[in-house]
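Undergrad:
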Amino acid sequence: MKEVDSQLERLQNIPVYTGHDFTEQVLEAGREERRTALSKSAQQPYFGRLDFEEQGSGARKPLYIGKIGVDREEVGEHPLVIDWRAPVASLFYSFTGGEASATYEAPEGLIEGLVYLKRNVVIRQRILERVADTYNRDSDQPAVSDEFLVYRLGENKDNKLRDIVSTIQAEQDQIIRAARNTALIIQGVAGSGKTTVALHRLAFLLYQYKEQVSAEKMVIFAPNHMFLDYISDVLPELGVGDIQQRTFPDWAMNLLGLDQPLADTSETLNTWFETPDARPELNDDVLGRYKGSIRFMELIREWLSGMEEESVPDMDFSPWDGAVLRKAEIENWFGEEYKHYPLAKRKERVMARIHRWIEMELKKPSPEAVRKERKKKAATREKAYAKKWPQYEPLTLYKQLFKVVKGGSVPASLSALIPKLVMKQTAADLKQDIIREEDLPALVYIHTLVHDIEGSERFDHIVIDEAQDFSPFHVALLDQFVKGHSFTILGDLSQGIHEYRGVHAWDEMSSLFPEEQNAYFALTRSYRSTMEIIDYANTILERGVKSGITAIPVFRSGDPTIAPSPF
Numbered sequence: 026m027k028e029v030d031s032q033l034e035r036l037q038n039i040p041v042y043t044g045h046d047f048t049e050q051v052l053e054a055g056r057e058e059r060r061t062a063l064s065k066s067a068q069q070p071y072f073g074r075l076d077f078e079e080q081g082s083g084a085r086k087p088l089y090i091g092k093i094g095v096d097r098e099e100v101g102e103h104p105l106v107i108d109w110r111a112p113v114a115s116l117f118y119s120f121t122g123g124e125a126s127a128t129y130e131a132p133e134g135l136i137e138g139l140v141y142l143k144r145n146v147v148i149r150q151r152i153l154e155r156v157a158d159t160y161n162r163d164s165d166q167p168a169v170s171d172e173f174l175v176y177r178l179g180e181n182k183d184n185k186l187r188d189i190v191s192t193i194q195a196e197q198d199q200i201i202r203a204a205r206n207t208a209l210i211i212q213g214v215a216g217s218g219k220t221t222v223a224l225h226r227l228a229f230l231l232y233q234y235k236e237q238v239s240a241e242k243m244v245i246f247a248p249n250h251m252f253l254d255y256i257s258d259v260l261p262e263l264g265v266g267d268i269q270q271r272t273f274p275d276w277a278m279n280l281l282g283l284d285q286p287l288a289d290t291s292e293t294l295n296t297w298f299e300t301p302d303a304r305p306e307l308n309d310d311v312l313g314r315y316k317g318s319i320r321f322m323e324l325i326r327e328w329l330s331g332m333e334e335e336s337v338p339d340m341d342f343s344p345w346d347g348a349v350l351r352k353a354e355i356e357n358w359f360g361e362e363y364k365h366y367p368l369a370k371r372k373e374r375v376m377a378r379i380h381r382w383i384e385m386e387l388k389k390p391s392p393e394a395v396r397k398e399r400k401k402k403a404a405t406r407e408k409a410y411a412k413k414w415p416q417y418e419p420l421t422l423y424k425q426l427f428k429v430v431k432g433g434s435v436p437a438s439l440s441a442l443i444p445k446l447v448m449k450q451t452a453a454d455l456k457q458d459i460i461r462e463e464d465l466p467a468l469v470y471i472h473t474l475v476h477d478i479e480g481s482e483r484f485d486h487i488v489i490d491e492a493q494d495f496s497p498f499h500v501a502l503l504d505q506f507v508k509g510h511s512f513t514i515l516g517d518l519s520q521g522i523h524e525y526r527g528v529h530a531w532d533e534m535s536s537l538f539p540e541e542q543n544a545y546f547a548l549t550r551s552y553r554s555t556m557e558i559i560d561y562a563n564t565i566l567e568r569g570v571k572s573g574i575t576a577i578p579v580f581r582s583g584d585p586t587i588a589p590s591p592f
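According to the numbering used here, numbering within the sequence shown proceeds without interruption in unit steps and concludes at 592.
(1) Name the DSSP beta bridge partners of Thr513, please?
(2) Candidates Asn206, Asn145, Tyr525, Ser511: which alpha carbon is nearest Val156's?
(3) Which whole-angstrom value is the C-beta distance of Leu312 and Glu462, which I expect to be below 8 Å?
(4) Taking only runs that begin and end inside the region 248-319, name each unbroken alpha helix (DSSP H) of 4 or more residues, in chain order.
(5) Can you name the start and end residues of the alpha helix (DSSP H) that Leu135 belongs to?
(6) With 16 as the cutoff for other CB atoms within 10 Å, does Thr48 come out buried or exposed?
(7) Output yes if chain B places a C-beta closer than 8 Å to the C-beta of Asp284; else output no.
(8) Just the Cα atoms here: how many angstroms apart are Glu79 and Gly138?
(9) If you drop the 5 nearest sequence neighbours on each side, which residues of the same chain put their C-beta closer than 8 Å to that of His250?
(10) Would you mind reading off the limits of the beta strand (DSSP E) that contains Val418?
(11) Under 6 Å Cβ to Cβ from Ala223, same chain only, skipping five residues before and after it: list those, please.
(12) Once DSSP output is grouped into helix, strand and coil, what is the label at Trp328?
(13) Report all residues from its chain with a CB closer than 8 Å to the CB of Glu356; omit the five preceding and five following residues, and keep chain order.
(14) Would you mind working out which of Gly44, Thr43, Ala54, Pro70 sits nearest Asp30, comparing C-alpha positions?
(15) What are the residues that DSSP puts in a beta bridge with Asn543?
(16) Consult DSSP for Leu548 and reduce its assignment to one of helix, strand or coil.
(17) By how many angstroms is the C-alpha of Leu387 removed from the C-alpha of Pro444?
(18) Identify the continuous alpha helix (DSSP H) that holds Tyr470 and give its terminal residues.
(19) Rounded to whole angstroms, what is the Cα-Cα separation between Arg60 and Phe72?
(20) For Val507, write down the residues that DSSP places opposite it in a beta bridge.
(21) Considering only the alpha carbon of each residue, which of Asp339, Pro419, Ala353 lies closest to Ala369?
(22) Check each candidate in Val507, Ala240, Ile201, Gly216 and name the one with the smallest Cα separation from Ile577.
(23) Ignore the nearest five residues each way along the sequence and tell me which others in Gln194's own chain have a CB closer than 6 Å to its CB.
(24) Kindly indicate which three-state DSSP category Ser343 falls into: helix, strand or coil?
(25) How many Å lie between Phe495 and Ala530 at the Cα?
(26) Excluding the 5 residues flanking Gly94 on each side, which residues of the same chain have their C-beta closer than 7 Å to its C-beta?
(27) Do Ile319 and Ile471 have their beta-carbon atoms positioned less than 8 Å apart in this structure?
(28) If I follow the unbroken alpha helix (DSSP H) through Glu557, where does it start and stop?
(29) Helix, strand or coil for Lys27 per DSSP?
(30) Is the beta carbon of Pro466 sitting closer than 8 Å to the one on Gly317?
(31) Tell me which same chain residues have a C-beta within less than 7 Å of the C-beta of Trp328, skipping the five on either side of it?
(32) Among Ala127, Ile383, Phe359, Phe77, which has the Cα closest to the Cα of Glu373?
(33) Quick check on the burial criterion: 16 or more other C-beta atoms within 10 angstroms. Buried or exposed for Tyr561?
(34) Among the residues of its own chain, which have a CB less than 8 Å from the CB of Arg378, if the five just before and after it don't count?
(35) Quick check on the DSSP output: what are the complete beta strand (DSSP E) runs of length 3 or more inside the region 348-375, in order along the chain?
(36) Lys86: which of Thr207, Lys92, Ala62, Ala114 sits nearest, CA to CA?
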């Protein structure tokens, strides 16, 4: 603590720079960030100690693990406190005491050695409150890792999510430290810490890949705004407060530039909560499942690909009598020279080229009065010609697909692939300008096909929480917005609310990614509730749980509580 206090005091004695020199501003920002980090570290410098002897070194080194890394003042010296995200810190989480030796992956390769001591420490406000040796190679005493975990789980909590850096379990650490360009799919029972693990993974990625990713280009898609409030406090604690936090509908509507309210989902939910006799049959042709399917995505792609052939107006363009730009020439520009651009960009470039052609024609020798008359006619005819092109607006195109407005020329062979009930229900909605959440993946996909994806719209990493209520179309769409299939997708199939549009098995999502770039994890231990509550819940879940995975309780018992019935 003295070393931390000394470094903090030295920084605090440096006057805060308030001038306009950019270099000094950057340096001051770094100092302020370090002041904040050291202030936190001074209150709780570390939570763990690991005595490790690297193979061939012949010397044990005590490694102190903390939320914030603290270097010594002397250059080249071993860190005073090691950041929990550092490679060597993985030993603190992965080593369980049963192994003869331990290894961790360092930048220079695999490091092997022996762990002699693994100690958990609780320090609050500079006061040492608890010490528990969860492994001691020199002692015959049994490990007490579960005892320490139960102690931390039993501490008072409020209704906010908190960081778990001091109690990350081995299976959780494996997820947190997985490679960046990998789509992780996590099936986690209630209380397994899957959301917390995902947030800690973001903190790890920002530490490990600081040159490739930034917090501002990461996003968490949560099911609702209440959930976003629930996770809001833990992000700053982990030093990742700048990460975007959105719901998918909010993000999609903003991208589309739409501000109308979406249809209320309560009526649809009520339909699916009816008694079995009154409930519709759930199959791949119901509205939610179909609109969330890859086959609907492929239908849209095929339709818009065919639209390319009909985009150029069926006419030559003549800005004034005697000047003609042949349709074949315009088609060549649109279909060949600009074919690598999306449809809307192609139209934009073709119209710009037509305008340049008009300007070149106007420069040819002619009387001034004639030139002015031609310029006036050209402006009128240019506007009229532009209106004959398709309107590449996603909602308009979507209405054309469902034959609510004219245009689009949807082939009968494609229309026949849309289930009749889906066609009927969607057409009825769109005639009243009703947009449902199930329509959003298709609308955003149309937007990407006709307008492309701007660089500012792309993400370095995407977290999808409660992903059981997302569809394969959702995920395949978002994959176009993220670099290198970098996802953390988590949920619990037994907790699905929107079953009529979500997934029934995780392979519906894993199949969207290359085999070598996706990984599946199952978190089965529940840390939230007592054994009695979990055992009771499992008896209910086993009657109809789809995932086949029920919770395994941590050994934590509770006293029975008898609540009087309100009836």
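Quick reminder that beta carbons are idealized off the backbone N, C-alpha and C, glycines included. Please read these numbers as outputs of a predicted model, since none were measured by experiment.
TA: Based on what the coordinates show:
(1) Within the sequence shown, numbered from 1, the residue matching residue 513 stands at position 488. Answer by DSSP bridge pairing, in chain order: Leu209, Val488.
(2) Mapped onto the sequence shown, residue 156 falls at position 131. Selection Asn206, Asn145, Tyr525, Ser511 evaluated against Val156 yields Asn145 as nearest (Cα-Cα).
(3) Locating residue 312 in the sequence shown gives position 287, counting from the first residue. Locating residue 462 in the sequence shown gives position 437, counting from the first residue. No, Leu312 and Glu462 are not in contact; Cβ-Cβ is about 11 Å, not under 8 Å.
(4) Annotation: the region 248-319 contains the following complete segments of the alpha helix (DSSP H) (minimum length 4 residues), in chain order: 250-256, 259-262, 273-281, 291-297, 312-316.
(5) As a first step, residue 135 must be located in the sequence shown, where it is residue number 110. Per DSSP, Leu135 belongs to no alpha helix (DSSP H); it is in the beta strand (DSSP E), 134-149.
(6) Numbered from its first residue, the sequence shown carries residue 48 at position 23. Counting other Cβ atoms within 10 Å of its Cβ, Thr48 stays below 16 and is therefore classed as exposed.
(7) In summary, chain B is missing from the structure at hand, where a single protein chain is found.
(8) For the purposes of this step, residue 79 is taken as residue 54 along the sequence shown, with counting starting at 1. For the purposes of this step, residue 138 is taken as residue 113 along the sequence shown, with counting starting at 1. If you draw a straight line from the Cα of Glu79 to the Cα of Gly138, it is about 4 Å long.
(9) Looking up residue 250 in the sequence shown gives position 225. Correct list, in chain order: Thr272.
(10) Mapped onto the sequence shown, residue 418 falls at position 393. According to the sequence as given, residue 418 is Glu; it is not Val. Note, Glu418: premise wrong, no beta strand (DSSP E); not H, not E.
(11) As a first step, residue 223 must be located in the sequence shown, where it is residue number 198. Once the five neighbours on either side are set aside, the close Cβ partners of Ala223 are Val488, Thr513, Leu515.
(12) Reading the sequence shown from its first residue, position 303 is the one you call residue 328. It is helical.
(13) Within the sequence shown, the letter at position 331 stands for residue 356. Short of 8 Å from the beta carbon of Glu356, and not among the five residues preceding or following it, lie these beta carbons of its own chain, in chain order: Val337.
(14) Walking along the sequence shown from the start, residue 30 turns up at place 5. Sorting Gly44, Thr43, Ala54, Pro70 by C-alpha distance to the C-alpha of Asp30 places Pro70 at the top.
(15) Position 518 of the sequence shown holds residue 543. Answer is Ala208, bridged to Asn543.
(16) Your numbering for residue 548 matches position 523 in the sequence shown. The answer is strand: DSSP assigns Leu548 an E or B state.
(17) The count along the sequence shown starts at 1 and reaches residue 444 at position 419. The count along the sequence shown starts at 1 and reaches residue 387 at position 362. Taking the CA atoms as reference points, Pro444 sits about 54 Å from Leu387.
(18) Position 445 of the sequence shown, counting from 1, holds the residue named residue 470. Where Tyr470 is concerned, the enclosing alpha helix (DSSP H) stretches over 465-476.
(19) As a working note, residue 60 is residue 35 in the sequence shown. As a working note, residue 72 is residue 47 in the sequence shown. CA-CA distance, Arg60 to Phe72, rounds to 20 Å.
(20) Counting from one through the sequence shown, the residue named residue 507 turns up at place 482. Val507 pairs with Phe484.
(21) Position 344 of the sequence shown, counted from the start, is the residue given in the question as residue 369. Of Asp339, Pro419, Ala353, the residue nearest in Cα terms is Pro419.
(22) Position 552 of the sequence shown, counted from the first residue, corresponds to residue 577. Measuring from the Cα of Ile577, the nearest candidate turns out to be Gly216.
(23) Numbered from 1 along the sequence shown, position 169 holds the residue referred to as residue 194. The answer is none, since no qualifying residue turns up.
(24) Your numbering for residue 343 matches position 318 in the sequence shown. In this structure, DSSP gives Ser343 an extended state, which the three-state scheme calls strand.
(25) Here residue 495 corresponds to residue number 470 of the sequence shown, with the count starting at 1. Here residue 530 corresponds to residue number 505 of the sequence shown, with the count starting at 1. In a straight line, the C-alpha of Phe495 is about 12 Å away from that of Ala530.
(26) Here residue 94 corresponds to residue number 69 of the sequence shown, with the count starting at 1. Within its own chain, the residues whose Cβ lies closer than 7 Å to the Cβ of Gly94, once the five positions on either side in sequence are excluded, are Pro104, Val106, Ile107, Asp108, Ala111, listed in chain order.
(27) One-based indexing of the sequence shown puts residue 471 at position 446. One-based indexing of the sequence shown puts residue 319 at position 294. One thing to note: Ile471 has its Cβ no nearer than 8 Å to the Cβ of Ile319.
(28) For the purposes of this step, residue 557 is taken as residue 532 along the sequence shown, with counting starting at 1. Glu557: member of the alpha helix (DSSP H) spanning 556-566, first to last residue.
(29) Within the sequence shown, residue 27 is the residue found at index 2, counting from 1. The answer is helix: DSSP assigns Lys27 an H, G or I state.
(30) Indexing the sequence shown from 1 puts residue 466 at position 441. Indexing the sequence shown from 1 puts residue 317 at position 292. Cβ distance < 8 Å, so Pro466 and Gly317 count as in contact.
(31) Here residue 328 refers to the residue found at position 303 of the sequence shown. Counting only Cβ-Cβ distances below 7 Å, and skipping sequence neighbours, we find Leu426, Val435, Leu439.
(32) Taking the first residue of the sequence shown as 1, we reach residue 373 at position 348. Nearest of Ala127, Ile383, Phe359, Phe77 to Glu373, Cα basis: Phe359.
(33) Translated into positions along the sequence shown, residue 561 becomes position 536. With fewer than 16 Cβ atoms within 10 Å of its Cβ, Tyr561 is classed as exposed.
(34) Taking the first residue of the sequence shown as position 1, residue 378 is located at position 353. Taken in chain order, the residues that qualify are Trp358.
(35) 348-350, all fully within the region 348-375.
(36) Taking the first residue of the sequence shown as position 1, residue 86 is located at position 61. For the residues Thr207, Lys92, Ala62, Ala114, the minimum Cα distance to Lys86 belongs to Ala114.
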